[in-house]
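This report concerns only the one structure given below.
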Amino acid sequence: MATGSINVSVENIFPLIKKFLYSDHEIFLRELISNATDATTKLKHLTTIGEAKVEYGNPIIEVKIDKDAKTLTIKDQGIGMTGEEVEKYINQVAFSGAEEFLEKYKDSAKDAGIIGHFGLGFYSVFMVAEKVEILTKSYKEDSKAVRWVCDGSPEYTLEETEKTDRGTEIVLHIAEDSTEFLEEFRIRELLTKYNKFNQVPIKFGTKKETLPLPEGSAEDAKPETVEVDNIINNTNPAWTKSPSELKDEDYNNFYRELYPMQFEEPLFHIHLNVDYPFNLTGILFFPKLGNNLNIEKDKIQLYQNQVFVTDEVKGIVPDFLMLLRGVIDSPDIPLNVSRSYLQADGAVKKISSYITKKVADKMVSLINENREDYEKKWNDIKIVIEYGMISEDKFYEKSDKFALYPTTDGTYYLWNELIEKIKPTQTDKDGKIVILYANNSDEQHSYIESAKEKGYEVLLLDSPIVPHLIQKLESSKENVSFARVDADHINNLIKKDEPKISKLNDSDKETLKKEIEESINDTKFTVQLEDLDSTDAPFTLTQPEFFRRMKDMQATGGGGMFAMGGFPEMYNLVVNANSDFAGELLKKDNDDEKKAMINQALDLAKLSQNLLKGKELTDFIKRSFESLK
1 MATGSINVSV
11 ENIFPLIKKF
21 LYSDHEIFLR
31 ELISNATDAT
41 TKLKHLTTIG
51 EAKVEYGNPI
61 IEVKIDKDAK
71 TLTIKDQGIG
81 MTGEEVEKYI
91 NQVAFSGAEE
101 FLEKYKDSAK
111 DAGIIGHFGL
121 GFYSVFMVAE
131 KVEILTKSYK
141 EDSKAVRWVC
151 DGSPEYTLEE
161 TEKTDRGTEI
171 VLHIAEDSTE
181 FLEEFRIREL
191 LTKYNKFNQV
201 PIKFGTKKET
211 LPLPEGSAED
221 AKPETVEVDN
231 IINNTNPAWT
241 KSPSELKDED
251 YNNFYRELYP
261 MQFEEPLFHI
271 HLNVDYPFNL
281 TGILFFPKLG
291 NNLNIEKDKI
301 QLYQNQVFVT
311 DEVKGIVPDF
321 LMLLRGVIDS
331 PDIPLNVSRS
341 YLQADGAVKK
351 ISSYITKKVA
361 DKMVSLINEN
371 REDYEKKWND
381 IKIVIEYGMI
391 SEDKFYEKSD
401 KFALYPTTDG
411 TYYLWNELIE
421 KIKPTQTDKD
431 GKIVILYANN
441 SDEQHSYIES
451 AKEKGYEVLL
461 LDSPIVPHLI
471 QKLESSKENV
481 SFARVDADHI
491 NNLIKKDEPK
501 ISKLNDSDKE
511 TLKKEIEESI
521 NDTKFTVQLE
531 DLDSTDAPFT
541 LTQPEFFRRM
551 KDMQATGGGG
561 MFAMGGFPEM
571 YNLVVNANSD
581 FAGELLKKDN
591 DDEKKAMINQ
601 ALDLAKLSQN
611 LLKGKELTDF
621 IKRSFESLK
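Residue numbers for the sequence shown follow full-length UniProt numbering, beginning at 1 and rising by one.
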């Protein structure tokens, strides 16, 4: 029997591992399963190239709990280790066997799926175990089995042992403060979380299966039940296959496998597959989002060679695609040694750019293949597209081919189609194309109708990030501006060189404006007299485009220098100087009656904007009923 000290550069590495390197104790199982998977895929590679003269067979990884003995065992049928290799790979911490293996077989091992995180990964076991045993036998001929034991100090023992089958068995003697890892439900939870799609089958206990009855069985025959291995993982998930092998039904089934609590099917998917300049596979799904910006639930999952790493994929996936769901698998994503967070790297930016391009290309193909279907799905995907247009310049550059601009009448335009449609009618006297929009077709109904009466198109832009999108479009598109349809009277939103007829002279207008201002006596209303059609409303409330837009941007984050404090409520009270109401006001001698008329008209204008609330609304209703007597 040999004894010795593990070759580490500090007196005792284990407290450091426990405290700093691996903050999340549960990942020890992921590391051990990853190592077992490495050992198995190495053996497969060596048998494929003829270097290992053994039968590969159908190896599995087995996880066993013995509550009485307080042990958790992970056993593989992989490459195994000789005594010398245990000395080298286990006792020299941070010397990665996988890395050396890849270097030696770099030309033929590119697709072997070897993770390369042995070394320190193994030592995560000491977060939960007070003693660890390794029983291992190499695939090499005439190699002897060895047993390595360590109690969490740098001291270990290494001796020959009885073991006839090749592979490695790791026995954890679970510490008193970690007995949760002797519970079947806890281990099943971890295997499902990290290894649901592991490349090598994982056995965790057994289960009963009912065999089908043979043909011609008697009516009262009972089917036979047998006990079989309980394999907890799918070794060949959809993202590892070629798109040509999969149908829509397969993608939808995989979506349900990823997110068992999602009952709605995704709208469509994007299959990722690239091997240069980095390796990446995956499937992204567009769920039905509507205006939902919540990305806390059912996030995109990151894997390395089918081992789950994290669902915090910021940096790999562009921000705007964090709203999607699915899987990304790449051995080239640089993680810290505990695989708990990304390290800054040029490859990450390339991966992010690739995914952005793939999504843009998919949008173009979808709208070209079936525009009618794409339009039906627009409301459920627009939040992702609009967010991408704001945040990713390369995505924005392609967006004219797939970003839609719906009208309040339910017509959908691409950008060039929209401009071609509205240019003849919505170009103002200065030659600028004015794009009218609403964000609520019910609340802004009267304003929309006024615009439509003039033959104008009104877009329905109702997602929470529209103010940011509009700012992006105005700054990048030539000679266009956006105006919400209730930002001013329609005549002022698109100013034309048209003669105005005025029923009142300047002196009458000045008197009328002063009387209205004095009656209202509220600084949030700016009174402006306009020579409108006599059939237009006497009073109309509008909210200036700039202030309203800044307020909306502040609500969704942004607003620049204005984002610090709350915006005051400010409205323009547009008074139709050509209305009969204006003439009646000027004729009134009784100041109280005049004031009552003005306040009633203002309340009606507020009511149309859903601004009449509380005591003001109660008083208005009471006053209106009184007038009916």
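Glycine included, each C-beta is placed from N, C-alpha and C at the ideal position.
| Asked | Found |
| --- | --- |
| Secondary structure of residue 635, DSSP reduced to three states | Residue 635 lies beyond the stretch modelled for the chain, which goes from 1 to 629, so this question has no answer here. |
| Identity of the residue in 605, 169, 458, 613 nearest residue 86 by Cα | 169 |
| Reduced DSSP category for residue 54 - H, G, I as helix; E, B as strand; rest coil | coil |
| Reference residue 184, options 276, 66, 244, 176, closest by Cα | 66 |
| Touching by the beta-carbon criterion (3+ pairs, under 8 Å), the segment 482-497 and the segment 417-437 | yes |
| Same chain only: Cβ atoms within 7 Å of residue 382, ignoring 5 sequence neighbours per side | 463 |
| For residue 206, the first and last residue of its enclosing beta strand (DSSP E) | 202-210 |
| Among 171, 327, 446, 320, nearest to residue 197 - alpha-carbon criterion | 327 |
| For residue 224 and residue 218, the rounded distance between their alpha carbons | 13 Å |
| Which of helix, strand or coil DSSP assigns to residue 499 | coil |
| Environment of residue 320 [buried if 16+ CB atoms lie within 10 Å] | buried |
| Residues bridged to residue 227 [DSSP beta-bridge criterion] | 208 |
| Proximity to residue 520 [Cα-Cα], best of 595, 137, 466 | 595 |
| Residue 515 beta carbon less than 8 Å from that of residue 602 | no |
| Cβ-based burial, residue 144 [other Cβ within 10 Å; buried from 16] | exposed |
| Terminal residues of the alpha helix (DSSP H) in which residue 194 lies | 184-195 |
| Short Cβ contact (8 Å threshold) for residue 532 with residue 578 | yes |
| Cβ-Cβ separation, residue 331 to residue 301 (assumed contact under 8 Å), whole Å | The pair is not a contact, with the Cβ atoms about 15 Å apart (cut-off 8 Å). |
| Residue span of the beta strand (DSSP E) that contains residue 482, given as start and end | 480-484 |
| For residue 33, the three-state DSSP class (helix, strand or coil) | helix |
| Presumed contact (8 Å Cβ cut-off) between residue 200 and residue 61, rounded CB distance | 5 Å |
| Residue span of the alpha helix (DSSP H) that contains residue 274, given as start and end | Residue 274 -> not in any alpha helix (DSSP H); beta strand (DSSP E) instead, spanning 268-274. |
| Candidates 517, 484, 203, 523, of which the one nearest residue 598 by Cα | 517 |
| Status (buried if at least 16 other CB within 10 Å, exposed otherwise) for residue 358 | buried |
| Selected residue, minimal CA-CA separation from residue 608, among 413, 448, 412 | 448 |
| Nearest-angstrom beta carbon gap, residue 572 and residue 488 [assumed within contact, 8 Å] | 7 Å |
| Within 8 Å, strictly: CB atoms of residue 493 and residue 458 | no |
| Minimum length 3: unbroken beta strand (DSSP E) runs contained in the segment 389-456 | 433-438 |
| Nearest-angstrom Cα separation, counted from residue 48 out to residue 397 | 47 Å |
| Residue 511, enclosing alpha helix (DSSP H) - first and last residue | 506-520 |
| Contact between the segment 244-255 and the segment 307-315 (3+ Cβ pairs under 8 Å) | no |
| Stretch-stretch touch, CB-based, cutoff 8 Å, three pairs: the segment 202-214 with the segment 152-164 | no |
| The segment 353-369 in contact with the segment 419-426 per 3-pair CB rule at 8 Å | no |
| Pick from 433, 546, 260, 376 that is closest to residue 481, judged by C-alpha positions | 433 |
| Selected residue, minimal CA-CA separation from residue 271, among 261, 262, 283 | 283 |
| Delimiting residues of the alpha helix (DSSP H) encompassing residue 285 | Where residue 285 is concerned, there is no enclosing alpha helix (DSSP H), although the beta strand (DSSP E) it sits in stretches over 280-286. |
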